[in-house]
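Visitor:
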Amino acid sequence: DYKNLPQRAPASIVVIDSKELEKYNSDWTGQYKGASRIVCRPQSTEEVASILEYCNKEKIGVVPQAGNTGVVGGSVPVHDEIILSVERLNEIHSFDAINGILQCGAGCILQTLQEKVASWNHLMPIDLGAKGTCMIGGNIATNAGGQYYYRFGSIHANIIGLEVVLPNGTILDLMSTNRKDNTGYDLKHLFVGSEGTLGVVTKVALNCPSLPSARNVAFLACNSFESVCQTLSFAKEELGEVLAAFEFMDKQVLDQVATEKTIPLKIRNENYNFCVLVETQGSNREHDTAKLESFLEQVMDSGHVVDGILAQDTKQVYEMWEIRESCNPIIKSKGYNYKYDISLPLSAYYDIAKKMRERLLPFPDVIVANWGHVIDGNLHLNIITPGNFEVDSQIKGMIEPFLFEYVVAQNGSISAEHGLGQSKNKYLGKYAKSEAAVTIMRSLKDSFDPNGIMNPEKFLPS
Amino acid sequence: MKILVGVKRVVDYAVKVRVGANGVELKNVKMSLNPFCEIAVEAAVRLKENKAASVSEVVALSIGPKQCQETLRTAMAMGCDRAIHIHTDLRGDYMELQSDSVAKLFQKVIEEKEKDVDLVLVGKQAIDSDCGQVGPMLAGYLNWPQATFAAKIDLDGDGLMVERETDQGTETIKIAKLPAVVSCDLRLNEPRYATLPNIMKAKKKKIDQFQADEFDVDLTAKNKVLEVFEPPARKEGITVDNVNQLIDKLKNEAGLLQ
Chain P
175 DYKNLPQRAP ASIVVIDSKE LEKYNSDWTG QYKGASRIVC RPQSTEEVAS ILEYCNKEKI
235 GVVPQAGNTG VVGGSVPVHD EIILSVERLN EIHSFDAING ILQCGAGCIL QTLQEKVASW
295 NHLMPIDLGA KGTCMIGGNI ATNAGGQYYY RFGSIHANII GLEVVLPNGT ILDLMSTNRK
355 DNTGYDLKHL FVGSEGTLGV VTKVALNCPS LPSARNVAFL ACNSFESVCQ TLSFAKEELG
415 EVLAAFEFMD KQVLDQVATE KTIPLKIRNE NYNFCVLVET QGSNREHDTA KLESFLEQVM
475 DSGHVVDGIL AQDTKQVYEM WEIRESCNPI IKSKGYNYKY DISLPLSAYY DIAKKMRERL
535 LPFPDVIVAN WGHVIDGNLH LNIITPGNFE VDSQIKGMIE PFLFEYVVAQ NGSISAEHGL
595 GQSKNKYLGK YAKSEAAVTI MRSLKDSFDP NGIMNPEKFL PS
Chain X
1266 MKILVGVKRV VDYAVKVRVG ANGVELKNVK MSLNPFCEIA VEAAVRLKEN KAASVSEVVA
1326 LSIGPKQCQE TLRTAMAMGC DRAIHIHTDL RGDYMELQSD SVAKLFQKVI EEKEKDVDLV
1386 LVGKQAIDSD CGQVGPMLAG YLNWPQATFA AKIDLDGDGL MVERETDQGT ETIKIAKLPA
1446 VVSCDLRLNE PRYATLPNIM KAKKKKIDQF QADEFDVDLT AKNKVLEVFE PPARKEGITV
1506 DNVNQLIDKL KNEAGLLQ
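From first to last, the protein sequence lines stand for chains P and X. In this text, residue positions in the first sequence follow our numbering: the first is 175, and each later residue adds one. In this text, residue positions in the second sequence follow our numbering: the first is 1266, and each later residue adds one.
1) Check the Cβ-Cβ distances between asparagine 1293 (chain X) and every residue of chain P, and say whether any is below 8 Å.
2) So, glycine 509 (chain P) versus phenylalanine 469 (chain P), is the Cβ gap smaller than 8 Å?
3) Output, in chain order, the set of chain X residues within a Cβ distance shorter than 9 Å of proline 438 (chain P).
4) Where phenylalanine 576 (chain P) and lysine 513 (chain P) are concerned, what is the direct C-alpha to C-alpha distance, given to the nearest angstrom?
5) Give the list of continuous alpha helix (DSSP H) stretches no shorter than 4 residues that lie fully inside the segment 1288-1317 of chain X.
6) From this set, P:Ser476, P:Ile234, P:Pro238, P:Pro216, which residue's C-alpha is nearest tyrosine 198 (chain P)'s C-alpha?
7) Out of P:Gly571, P:Thr405, P:Leu428, state which residue places its alpha-carbon closest to the alpha-carbon of methionine 153 (chain P).
8) Roughly how many angstroms lie between the CA atoms of lysine 570 (chain P) and leucine 1453 (chain X), to the nearest whole one?
9) Taking Cβ positions, are valine 1490 (chain X) and methionine 1341 (chain X) nearer each other than 8 Å?
10) Using 8 Å as the limit for Cβ to Cβ distance, is leucine 1298 (chain X) near chain P?
11) Valine 402 (chain P): buried (16+ other C-beta within 10 angstroms of its C-beta) or exposed?
12) When you check each C-beta in the segment 396-423 of chain P against every C-beta of chain X, which residues fall closer than 9 Å?
13) State the DSSP-derived secondary structure class of histidine 592 (chain P), mapped to helix, strand or coil.
14) How many Å lie between alanine 315 (chain P) and proline 383 (chain P) at the Cα?
15) Could you check whether the segment 1267-1284 of chain X touches the segment 1380-1392 of chain X, counting it as contact only if at least three pairs of C-beta atoms, one from each stretch, sit closer than 8 Å?
16) Which residues in the same chain as valine 1382 (chain X) place their Cβ atom closer than 7 Å to its Cβ, once the five residues preceding and following it in sequence are excluded?
17) For tyrosine 637 (chain P), tell me which candidate among P:Ala240, P:Thr286, P:Tyr446, P:Val581 has the shortest Cα-Cα distance.
18) Between which residues of its own chain and alanine 1441 (chain X) is the CB-CB distance below 6 Å, once the five residues before and five after are set aside?
19) Is the segment 528-547 of chain P close to the segment 422-432 of chain P, with three or more CB pairs under 8 Å?
20) Would you mind sorting aspartate 620 (chain P) into buried or exposed? The rule is 16 or more other CB atoms within 10 Å of its CB.
21) Indicate whether the contact test is met: 3 or more Cβ pairs, each with one atom in the segment 1293-1312 of chain X and one in the segment 1333-1351 of chain X, closer than 8 Å.
22) Would you list, in chain order, the members of the segment 474-506 of chain P that have their beta-carbon closer than 7 Å to a beta-carbon of chain X?
23) Between the Cα of serine 1297 (chain X) and those of P:Ile588, P:Lys489, P:Pro503, spot the shortest distance and give me the residue it belongs to.
24) Is there contact here, the segment 620-633 of chain P with the segment 245-262 of chain P, by at least three beta-carbon pairs under 8 Å?
25) With DSSP run on the structure shown, which of helix, strand or coil describes phenylalanine 365 (chain P)?
26) Assign phenylalanine 1494 (chain X) to buried or exposed, taking buried as 16 or more other Cβ atoms, counted over all protein chains shown, within 10 Å of its Cβ.
27) Using a C-beta cutoff of 8 Å, does isoleucine 1464 (chain X) count as contacting chain P?
28) Could you tell me which uninterrupted beta strand (DSSP E) segments, each at least 3 residues in length, are contained entirely in the segment 377-429 of chain P, listed from first to last along the chain?
29) Report the neighbours of alanine 1279 (chain X) on chain P: residues whose CB is nearer than 9 Å to its CB, in chain order.
30) The segment 1399-1433 of chain X: which residues have C-beta closer than 9 Å to a C-beta of chain P, in chain order?
31) When DSSP builds the beta bridges, which residues end up paired with glutamine 321 (chain P)?
32) For a contact meaning CB atoms closer than 9 Å, what does leucine 470 (chain P) contact in chain X?
33) Which same chain residues end up closer than 6 Å to methionine 530 (chain P) when comparing Cβ atoms and leaving out the 5 residues on each side of it in sequence?
34) Please classify glutamine 1411 (chain X) as buried or exposed, where buried requires at least 16 neighbouring CB atoms within 10 angstroms.
35) Less than 8 Å between the CB atoms is what I'm expecting for aspartate 1393 (chain X) and aspartate 1358 (chain X), so what's the real figure, rounded?
36) For lysine 1373 (chain X), which option in X:Ile1351, X:Phe1414, X:Leu1362, X:Ile1438 has the closest C-alpha, if you only look at C-alpha atoms?
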């Protein structure tokens, strides 16, 4: 009985049946919509515990929600599960500048944290396009990747401590400031990437790298994917430890971005097939500039890079990243998105895009736009029907299961960083993990959440 | 037409400066081409690309430490043909080297080194000192016509038609005949990126070097900086739980309601 909820969590704010629920029930892609009538916004870990204890007893489904920027429908209800938003757990508890360790609530917005730790001369170890809205609790629960994965490693590599509330209301305090601690099963890693199915993350202790004094960005043009790969090799060899990011975009996505933003290289030549964004970060400006110049000379001499621009000041650095970070929202605005986020070996990385275009020839209006963290082998393959916002089952049939079968045949991953949510959970056993693995996952889930209240019908196949 | 463009190396606009014992801390801080100077360089290069202007060459001039050469390379990568670097280790952010000396150095370059300059383009102000004085002072010393805060520059017979920004709106100034000094404002243009091929070419372009004290110019500061301090920190706001609390605070704490 929902009516008992507000009293169980007296200070926390509970919204019932109001128009405000609209935004909590709808996901970012617009493809998933829940029917929840209640959202709780607890202001403390104890309130979260009190809510979960009650829901566990009454067997009420709970959807933990942070920034609600996920793209696999993991953060919105499937039916009318209640939504538990961590947005008010937004305190920065401490920052140890000598050790580079941040402790904060799960509801802190990533960009706010980035700005705050920058004022203390440090960086957050992740960065993604959704930074202005996504919250660190959600990033932890989804093991978010982003553009600096190569340089700083995954969330797993940077998580030092965690506070989690278990489905039965137990507060599990795994907060720590010890980088090294080999005492027992490292439980916090279970919750990283668990997409809210094992408990609610309420606090995190995270490693923060030092702010680099030198940051350089170049935006380069290549005419073939083979050249993109060669440029990547040069980058790793010449830039070495200062290479921070290497992102690619194809002509199809850039043509769309160009309808709303000025892409400097496009003004020079409409027909570059690929653009690459390379970033270096280091502690010595002269050292990094010398390495970058050597790299740029080599890739231009080799003919693999046919044109490019080098940011001369911070404004230009932001402009170049804006082009890359606009890919997702601009593509989203153009029509229905069939979104795929896959890991592939570099040898097959762009072949799948070409194969999809072949298969979709009967649908001449369809555009196959590609971008992503090519340095991690992570491709964002987006198929859109410009002007048409309705899903077309014929088009979908041409994509799936072909695309998944292709990825499996390449020993790739059908979800590199976006996760499973309610969009891909059904494929876990079929295209991702063995029966034995899924069996163990289910038994872990049952052990943590015997009543199955946490984010039901998500992550694991239902 | 021969164009001289002033380019200043300043703290990058995105840097959050800190104040130390000797004013703004410059150590290890990112420096870049002053945004308004960048606009001036773009204006010069566009004039050069305009056949009707018959620009013979664009020369960039910078005054400061040896790292100014990086700034000059950026200007040349954008399209300046060559550059002049007047070397000094005096701080250019008003602490040591000030506008009057800078204007006089520009004057010396024009009268003694580059004798046939037709147009001087500078940014309206530098984002470190925010004086906005070099352009007008230089025009005064040279006794040349000037137009400041240019938002539009058009060729007009032997001179220029310049639209300039004022608080009341745009004012149009006709400069009947060159030579002249024009300072550039934000709306004038959007500067181009330095492309890799041009960055490579710029490495081979010429930079003439001089020492600031070899010119007969008094480099001492005319104004003494007494104190540099950060503005007081903004107090953190609070959130209230409901409208009644808001009204209570506005009434009893802020004293804004009766």
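We put the CB at the ideal spot given by N, CA and C, even for glycine.
Guide: The relevant details are as follows:
1) Indexing the second sequence from 1 puts residue 1293 (chain X) at position 28. For asparagine 1293 (chain X), at least one C-beta of chain P is nearer than 8 Å to its own C-beta.
2) Looking up residue 509 (chain P) in the first sequence gives position 335. Looking up residue 469 (chain P) in the first sequence gives position 295. No, these two residues do not count as a Cβ contact at 8 Å.
3) Here residue 438 (chain P) refers to the residue found at position 264 of the first sequence. Chain-ordered, the chain X residues with CB closer than 9 Å to the CB of proline 438 (chain P) read Arg1457, Tyr1458, Thr1460.
4) What you label residue 576 (chain P) is simply residue 402 of the first sequence in a count that begins at 1. What you label residue 513 (chain P) is simply residue 339 of the first sequence in a count that begins at 1. Straight-line Cα distance between these residues: approximately 14 Å.
5) Along the length of the segment 1288-1317 of chain X, whole alpha helix (DSSP H) runs at least 4 residues long occupy 1300-1314, reported in chain order.
6) Translated into positions along the first sequence, residue 198 (chain P) becomes position 24. Out of P:Ser476, P:Ile234, P:Pro238, P:Pro216, P:Pro238 has the C-alpha closest to the C-alpha of tyrosine 198 (chain P).
7) Any question about residue 153 (chain P) goes unanswered here, given that chain P covers just 175 to 636.
8) In the first sequence, counting from the first residue as 1, residue 570 (chain P) sits at position 396. In the second sequence, counting from the first residue as 1, residue 1453 (chain X) sits at position 188. So the two alpha carbons sit approximately 49 Å from each other.
9) Position 225 of the second sequence, counted from the first residue, corresponds to residue 1490 (chain X). Position 76 of the second sequence, counted from the first residue, corresponds to residue 1341 (chain X). No.
10) Position 33 of the second sequence, counting from 1, holds the residue named residue 1298 (chain X). Taking Cβ atoms only, chain P reaches closer than 8 Å to leucine 1298 (chain X), which makes this a yes.
11) On the first sequence, position 228 is the one that residue 402 (chain P) refers to. Valine 402 (chain P) is buried by the Cβ-count criterion.
12) Only those residues of the segment 396-423 of chain P whose C-beta falls short of 9 Å from the nearest C-beta of chain X would be listed, and there are none.
13) Taking the first residue of the first sequence as position 1, residue 592 (chain P) is located at position 418. The DSSP-derived three-state label of histidine 592 (chain P) is coil.
14) Counting from 1 along the first sequence, the entry for residue 315 (chain P) is found at position 141. Counting from 1 along the first sequence, the entry for residue 383 (chain P) is found at position 209. Taking the straight line from one Cα to the other gives about 21 Å.
15) By the C-beta criterion, the segment 1267-1284 of chain X is judged to be in contact with the segment 1380-1392 of chain X, since at least 3 inter-stretch pairs fall below 8 Å.
16) Counting from 1 along the second sequence, the entry for residue 1382 (chain X) is found at position 117. The beta carbon of valine 1382 (chain X) is closer than 7 Å to those of Lys1267, Leu1269, Ile1375, Pro1444 in its chain, skipping five residues each way along the sequence.
17) Outside the shown range of chain P (175 to 636) lies residue 637 (chain P), about which nothing can therefore be said.
18) Position 176 of the second sequence, counting from 1, holds the residue named residue 1441 (chain X). Within the same chain, Cβ atoms closer than 6 Å to the Cβ of alanine 1441 (chain X) are found at Gly1424, the five residues on either side in sequence being excluded.
19) As far as the Cβ criterion goes, the segment 528-547 of chain P touches the segment 422-432 of chain P, which means the pair count is three or higher.
20) Along the first sequence, one-based indexing puts residue 620 (chain P) at 446. Around the Cβ of aspartate 620 (chain P), a 10 Å sphere holds fewer than 16 other Cβ atoms; the residue is exposed.
21) Three or more Cβ pairs closer than 8 Å define a contact, and the segment 1293-1312 of chain X meets that threshold against the segment 1333-1351 of chain X.
22) The residues in question are Met474, Asp481, Gly482, Ile483, Leu484, Gln486, Asp487, Thr488, Lys489, Gln490.
23) Position 32 of the second sequence, counted from the first residue, corresponds to residue 1297 (chain X). When each option's Cα is compared against that of serine 1297 (chain X), the closest is P:Lys489.
24) The segment 620-633 of chain P vs the segment 245-262 of chain P: in contact.
25) Within the first sequence, the letter at position 191 stands for residue 365 (chain P). Three-state result, phenylalanine 365 (chain P): helix.
26) Stepping through the second sequence from its first residue, residue 1494 (chain X) is reached at position 229. Counting Cβ neighbours within 10 Å, phenylalanine 1494 (chain X) comes out exposed, since fewer than 16 surround it.
27) Stepping through the second sequence from its first residue, residue 1464 (chain X) is reached at position 199. True, the Cβ-Cβ gap to chain P drops below 8 Å.
28) Residue ranges of uninterrupted beta strand (DSSP E) with 3 or more members, entirely inside the segment 377-429 of chain P and ordered along the chain, are 388-396, 417-424.
29) Taking the first residue of the second sequence as 1, we reach residue 1279 (chain X) at position 14. Within chain P, the residues near alanine 1279 (chain X) are Asp487, Thr488, Lys489, Val491, Tyr492.
30) The residues in question: there are none.
31) Sequence index remark: in the first sequence, residue 321 (chain P) carries index 147 (1-based). Answer is none; glutamine 321 (chain P) lacks a bridge partner.
32) Residue mapping note: residue 470 (chain P) aligns to position 296 of the first sequence, counting from 1. Those within 9 Å of leucine 470 (chain P) in chain X are Leu1461, Ile1464, Met1465.
33) On the first sequence, residue 530 (chain P) is found 356 positions in, with the first residue counted as 1. Around methionine 530 (chain P): Val542.
34) One-based indexing of the second sequence puts residue 1411 (chain X) at position 146. By the 10 Å Cβ count, glutamine 1411 (chain X) comes out buried.
35) The count along the second sequence starts at 1 and reaches residue 1393 (chain X) at position 128. The count along the second sequence starts at 1 and reaches residue 1358 (chain X) at position 93. Between aspartate 1358 (chain X) and aspartate 1393 (chain X) the Cβ distance is about 4 Å, and since that is below 8 Å, they are a contact.
36) As a first step, residue 1373 (chain X) must be located in the second sequence, where it is residue number 108. Ranking X:Ile1351, X:Phe1414, X:Leu1362, X:Ile1438 by Cα distance to lysine 1373 (chain X) puts X:Ile1351 first.
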